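Asker: Numbering (our numbering), first residue to last: 479 to 618.
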C-alpha cells in the first residue's frame with residue numbers, strides 16, 4: 479500500500495527553506511511536528527497557497543519569521559508570522575494537497591528576491607511594533 483504525500487515547503491525564521499513530503503493521512507499532526515506547535519492557524523495566500531503557522535507563535539516567544547512574513551505580503555496577505563511556517567496547496571474545497579511545480583517556483587522566487595517598494599512600505603506598516611525590523615527595512 480502506498481502513502482500519498484503532500485509536497486510542502488518548511489520556512490524557518492533563520493532563512494532555512496526545506497522541501498518536505500508530509501503524509502496525507504496524517505497531515506494535521508505532520509504539520510504540527512514540522513512547525514513545532516500543538517495548534518496551528520492557516521494563512522490563505524494567492525494562487526491557492528496556504529501557510530500553516532503556529533497559532534501561539536506571537537505569545538510563546540517564537541522568533542519573527544521574516545521570510546514567511548515577506549512571502550505572505552508578496553502573495554496578498556499582509557500579516558506577521560512568528561515561528562516556523564509550512565506552505566502547502568489547497569483545493570477549492572479546502573483540502574490540503576501538495577504544492578504544484580508552479581506554486582513551488584512562485585514561493586522560491588518570492589523568498590529569494592528583494593521585495594518591491596510597495597511591499598516594503600506595507601511591511602513597514604505591518605511591522606511598526608518592531609522598530610528594529612522597520613529600521614532594517616528602511617535601510618535596505
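Glycine residues also receive a C-beta, built at the ideal position from the N, C-alpha and C atoms. Since we're looking at a predicted model, the values are computed, not measured.
Could you spell out where the alpha helix (DSSP H) holding residue 492 opens and where it closes?
Answerer: Neither: residue 492 is in no alpha helix (DSSP H) and is coded neither H nor E.
Asker: Measuring straight from C-alpha to C-alpha, what distance separates residue 537 and residue 484?
Answerer: 29 Å
Asker: So, are the CB atoms of residue 558 and residue 593 less than 7 Å apart?
Answerer: No, they are not a contact pair.
Asker: Quick check: residue 581 and residue 527, are their CB atoms within less than 7 Å of each other?
Answerer: yes
Asker: State the DSSP-derived secondary structure class of residue 482, mapped to helix, strand or coil.
Answerer: In this structure, residue 482 counts as coil in the three-state DSSP scheme.
Asker: Look up residue 568 in the DSSP assignment and give the residues it is bridged to.
Answerer: 574
Asker: Quick one: Cα of residue 607 to Cα of residue 551, how far?
Answerer: Near 17 Å, if we compare the C-alpha coordinates of residue 551 and residue 607.
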